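Residue numbers (this note's numbering): 302 to 558.
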């Protein structure tokens, strides 16, 4: 049988979940390393409204360290009582190794929530992040879904709603391939709806109207979450690593607290 150049893939099915609640459940009573913890440039707004995920996680984790490239946002968090904050560039291997040196333990969970879509070298970032994992560690990744029904319907009326600093969307198959190239395997996948409730009445109505479609086809949800672990040595031996150019960073790894 001739191999197809672009075969069809059957997508996993599960009811849509709330993003933040799923993350908090994964991190419950765990030692957690939270990447992009400051949620910049919305740090102040999210903190003031009680929606900052890193703040929620402090109440649920056994211990937590936060990493972000935005020093100003980290300084704001520090001034508001947050501790164990590290400034680092995840595209810089030396910065990432510096994170490991500052951690007093190997993380049970490393969280990379809404991070990859901001980076122009996502494969390099995942390869570096994998250096932070131990044999029993989990990496939880959340990304925007390229097949979101909300995004599709907006395009149908000539609009695209996207953050100015996003450079990509993801499908499940593409994301699985990307993490695989970094020596990781996907152990769990889910489809999530945003934890943020819009204040606009039309958007709230829209969310309610599309829910039946998401219950049937959750793959049309806002985003994708995957839980990954390191591949075994045997799995790695069958995998060909794609090389990436190391980039320099103006940020050195430094603990703020």
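Note that CB positions come from ideal geometry on N, CA and C, so glycine has one too. Note that the coordinates shown come from a computational prediction; the quantities given were computed from them, not determined experimentally.
Item: Need the endpoints of the alpha helix (DSSP H) that residue 355 sits in, please.; Value: 354-359
Item: Measure the CB-CB distance between residue 400 and residue 389 and report whether it falls below 8 Å.; Value: yes
Item: The alpha helix (DSSP H) that contains residue 344, what's its start and end?; Value: 344-350
Item: For the pair the stretch 373-386 and the stretch 307-321, tell me if three or more CB-CB distances fall below 8 Å.; Value: no
Item: Mark residue 517 as exposed unless 16 or more other C-beta atoms lie within 10 angstroms of its C-beta, in which case mark it buried.; Value: exposed
Item: Per DSSP, residue 446 forms a beta bridge with which residues?; Value: 471
Item: Measure the CB-CB distance between residue 408 and residue 332 and report whether it falls below 8 Å.; Value: yes
Item: DSSP three-state call for residue 263: helix, strand or coil?; Value: The structure shown does not extend to residue 263, since the chain spans only 302 to 558, so no value can be given for it.
Item: Can you tell me where the alpha helix (DSSP H) holding residue 322 begins and where it ends?; Value: 320-328
Item: Out of 514, 529 and 314, which one is the CA nearest neighbour of residue 478?; Value: 529
Item: Between 421, 433, 487 and 420, which lies nearest to residue 334 when the distance is taken from Cα to Cα?; Value: 433
Item: Three or more C-beta pairs closer than 8 Å, one from the stretch 335-346 and one from the stretch 363-374: is that the case here?; Value: yes
Item: Please report the straight-line C-alpha distance between residue 449 and residue 523, rounded to a whole angstrom.; Value: 5 Å
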